[in-house]
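In what follows, a structure is listed as structure tokens, so that the remarks can point back to it.
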Amino acid sequence: MLGSAGRPALLVACLPVLLLGDPSSPGAARAADVTISTPTTGTPGTGGGIPIAGGDGAQYTSGETVNVNATVAGGAGGAGPTFLGQGLRGSAGGTGLGFDAGGTANVNAAITGGAGGAGGNTVSGNVSGGAGGAGGEGLAFRAGAGTANIAATVTGGSGGDGGTSTGPGGSGGAGGAGLVLTQGGAATINAAVSGGTGGSGSGVGNGGAGGAGLVLTQGGTVTINAAVTGARGGSSGGGSAGTGGVGITGADMNLTLGGGAIVSGGFDGGGFTSSNAITFTGGTNRLELTSGATVLGNVQASGDSTFVLGGATDGTFTIRQLASTYQFKGFTRFEKAGTSTWTLTTTGRFTGPGVVSGGKLVVLSDIHSFSSLTVNPGGTLGGTGTVGTTTIAGGTLAPGNSIGTLSVAGNLSFSAGSTYAVEVSPTASDRVNVTGTAALGGATVAASFAAGTYVAKQYTILNATGGVNGTFGTKADTNLPAGFKSSLGYDANNAYLTLAL
């Protein structure tokens, strides 16, 4: 069970556990909707040579839907006793709310994992004090796909402190994870989720690791609109400080960070080093940021991981942060999604492919390091910066930020069904400059004329150093000045929009 290191697996089945849903049959769950309406706490554990962990606050085994309307807490781990002068280990805390065959948790009241028991003190002999027990998870789907709708806090239990000793001290226990999805599922997080703090080490005993905020071991889809936090590790007098918990960790994750999301890793027990805000451990992953989301700390991707700017609210992103030496590391793909407009600033170092699948991407920076950029139907590319080789595959190219010039360091191609949107004023027009070739592919030119006094004029709307191939298709004018007509023309390296009487 993730977040419960130190809990002996062979004893878990022996724990006294409250199985809610059928009060007439303690020890047997039923597969019906359940409402927890009174505060519930798991049975306490027992420390010692064979420690017994605290019990789950509530456990379900048949895929129930559980409405949590009162607080639920895992049972505290038992403190380690002193036996023949030697301190024994504390036991692990229990899970706040556990599911063993999938199910749904509608969380409207706080859930807390049980605290790990403190290690026993050694009073004779040069031996360590007892180790602290691990904290329990807050909400854990231990088997089967689960669904969590979180509207109240979910917190992992804190690790127990290590016992004192006449010799080496005892190590602190690890904090429990806040929310665990073991076999996929989904979660909507609208209230804070956090791991439990690591227990303190005594003497040269090490501090316990802080618990992760969210753990997904076999994938899952999660939307976050609140804080998800890894907890601080435990301190140590003479040993190693416990590492901080990761904010979110797992494989095959599909994460969306809404405008109220704040994701962060915990500091180590010495307060010097923060763990990653998010760690992807492999598989196929997707991280979507919406405007207003906050990520405090690094994000380490692995496997096939896509970084997405999405949502419905406009935002600005410093694109150099998407690189192996900056905040968002290890991503293999970039995507602009949703209906929003995102503006990229600074010079990019990302070297994977990019796609604009929805909304508008405004490039005011240099992102020609992208291996390619594709604009699909529903997407628009604009701005006055520099992009690399670009394909308009049914989407729209709208250079400029109002009227301006977009540069393509590479080749540009349009497919049939694409649109080249050009703004025109009496003195200038949008334009794209291409260092390679430009294949026009029969795309539509949508010319929009600003108010003003016009004269007959030829506007260069595209220049390609490597040559122009093909022609545009239809032309659609908006607010064409009265008495004028427009036409398209070409030479070896240019495409023109001509305004004539």
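For the record, in the sequence shown the residue sitting at position 134 is 198 according to the working numbering, with numbers rising by one throughout.
Beta carbons: idealized from backbone N, C-alpha and C, even for Gly.
All of these numbers come straight from a predicted model, not from anything done at the bench.
For residue i, report the span of its beta strand (DSSP E) as first-last.
i       : result
Thr-396 : Element bounds for Thr-396: n/a, residue is neither H nor E.
Ile-114 : Counting along the chain, Ile-114 falls outside any beta strand (DSSP E), and DSSP gives it neither H nor E.
Phe-414 : Looking at the DSSP string, Phe-414 is not in any beta strand (DSSP E), and its letter there is neither H nor E.
Lys-123 : A quick correction: the sequence has Gln, not Lys, at residue 123. Looking at the DSSP string, the run of the beta strand (DSSP E) that includes Gln-123 is 122-124.
Tyr-523 : 521-528
Gly-553 : 549-554
Glu-487 : 483-488
Asp-541 : 539-542
Ser-512 : 508-513
Ser-436 : 436-439
Ala-291 : 291-293
Thr-454 : 454-456
Met-328 : Residue identity check: residue 328 is Ser in the sequence provided, not Met. Run containing Ser-328: 326-328, per the beta strand (DSSP E) assignment.
Asn-131 : 129-132
Asp-313 : The amino acid at residue 313 is misidentified as Asp; the sequence shows Thr. Note, Thr-313: beta strand (DSSP E), 312-314.
Gly-447 : 443-447
Val-98  : 98-100
Could you have a look at residue i and say whether DSSP puts it in helix, strand or coil?
i       : result
Arg-350 : strand
Ile-467 : coil
Gly-150 : Looking at the sequence itself, residue 150 is Gln, so the reference to Gly does not match. The answer is strand: DSSP assigns Gln-150 an E or B state.
Gln-385 : helix
Ser-493 : strand
Asp-164 : coil
Thr-107 : coil
Tyr-390 : coil
Leu-565 : coil
Ala-503 : strand
Gly-423 : strand
Phe-478 : strand
Leu-319 : strand
Asp-368 : strand
Ala-305 : coil
Gly-197 : coil
Asp-430 : strand
Asn-558 : strand
Ser-88  : Confidence in Ser-88 is poor, its pLDDT being 29 and thus under 50, which makes the residue's placement unreliable; the coordinate value appears in the next sentence. DSSP places Ser-88 in coil when its eight states are reduced to three.
Phe-331 : strand
Ala-137 : strand
Examine the ligand MG and report whether any of its heavy atoms sits within less than 7 Å of the Cβ of residue i.
i       : result
Ala-462 : As presented, the structure is devoid of all ligands, the ligand MG included, so that no description of it is given.
When DSSP builds the beta bridges, which residues end up paired with residue i?
i       : result
Ile-214 : Val-171 and Ile-253
Leu-245 : Phe-205 and Leu-280
Tyr-587 : With the chain covering 65 to 565 only, the question about residue 587 has no answer from this structure.
Val-363 : Ile-342 and Phe-392
Asn-533 : Ala-503
Thr-287 : Thr-252 and Thr-320
Ala-462 : Gly-446
Gly-144 : None; Gly-144 has no bridge partner.
Flag this pair as yes or no: are the beta carbons of residue i and residue j separated by less than 8 Å?
i       : j       : result
Gly-402 : Ser-369 : no
Ala-325 : Ala-357 : yes
Ser-264 : Gly-236 : yes
Gly-141 : Gly-202 : no
Gly-259 : Gly-294 : yes
Gly-242 : Thr-219 : yes
Gly-199 : Gly-157 : yes
Thr-217 : Ala-251 : no
Gly-160 : Ala-182 : no
Gly-505 : Ala-480 : yes
Gly-531 : Thr-501 : yes
Thr-499 : Gly-537 : no
Ser-229 : Asn-185 : yes
Ala-169 : Ala-134 : no
Val-132 : Gly-167 : no
Quick check on residue i - is its C-beta less than 8 Å from some C-beta in chain C?
i       : result
Gly-323 : Absence of chain C from the displayed structure is noted, only one protein chain being present.
* Pair every Cβ in the segment 476-487 with every Cβ in the segment 498-517, then say whether three or more of these pairs are closer than 8 Å. => Yes, the segment 476-487 is in contact with the segment 498-517.
* To do: Could you tell me whether the segment 414-423 touches the segment 431-450, using the rule of 3 or more Cβ pairs below 8 Å?
  => Yes, the segment 414-423 touches the segment 431-450.
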